[in-house]
Amino acid sequence: MQVLFFLKSLFTVAAATFAPGERVNLVRRGSILRTDGYVIAQTDKGVLVEWPRAGTGFVHSSELTAIV
34 MQVLFFLKSL FTVAAATFAP GERVNLVRRG SILRTDGYVI AQTDKGVLVE
84 WPRAGTGFVH SSELTAIV
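The sequence shown begins at 34 in our numbering and counts up by one.
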């Protein structure tokens, strides 16, 4: 049983945190769906992002990548 927990721990990823005002892209299954979003806030439901052409919406933090 400990072997299973060890293997599972190798693949768990901590949730990313984003600062308000940070620029992000939305990536799902290896494809960029939306670009140049601005983080408004991060809550328990996800990250509230304002998109230039699609308005605002909550997105899971694992689907966002920061623009550097």
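A virtual CB, placed ideally from N, CA and C, is assigned to each residue, including glycine. None of these values were measured; they are calculated from a predicted model.
query                                                                                                                                                         : result
Using the rule of at least 16 other Cβ atoms within 10 Å of the residue's Cβ for burial, across every protein chain shown, is R61 buried or exposed?          : exposed
If you reduce the DSSP assignment to three classes, tell me which class V36 lands in.                                                                         : helix
Here's a check: name, in chain order, each residue in its chain whose Cβ is nearer than 8 Å to the Cβ of I65, leaving out the five neighbours to either side. : N58 and L59
E55 bridges to which residues according to DSSP?                                                                                                              : DSSP, once it has assigned bridges, lists no residue as partnering E55.
So, G70 versus R56, is the Cβ gap smaller than 8 Å?                                                                                                           : yes
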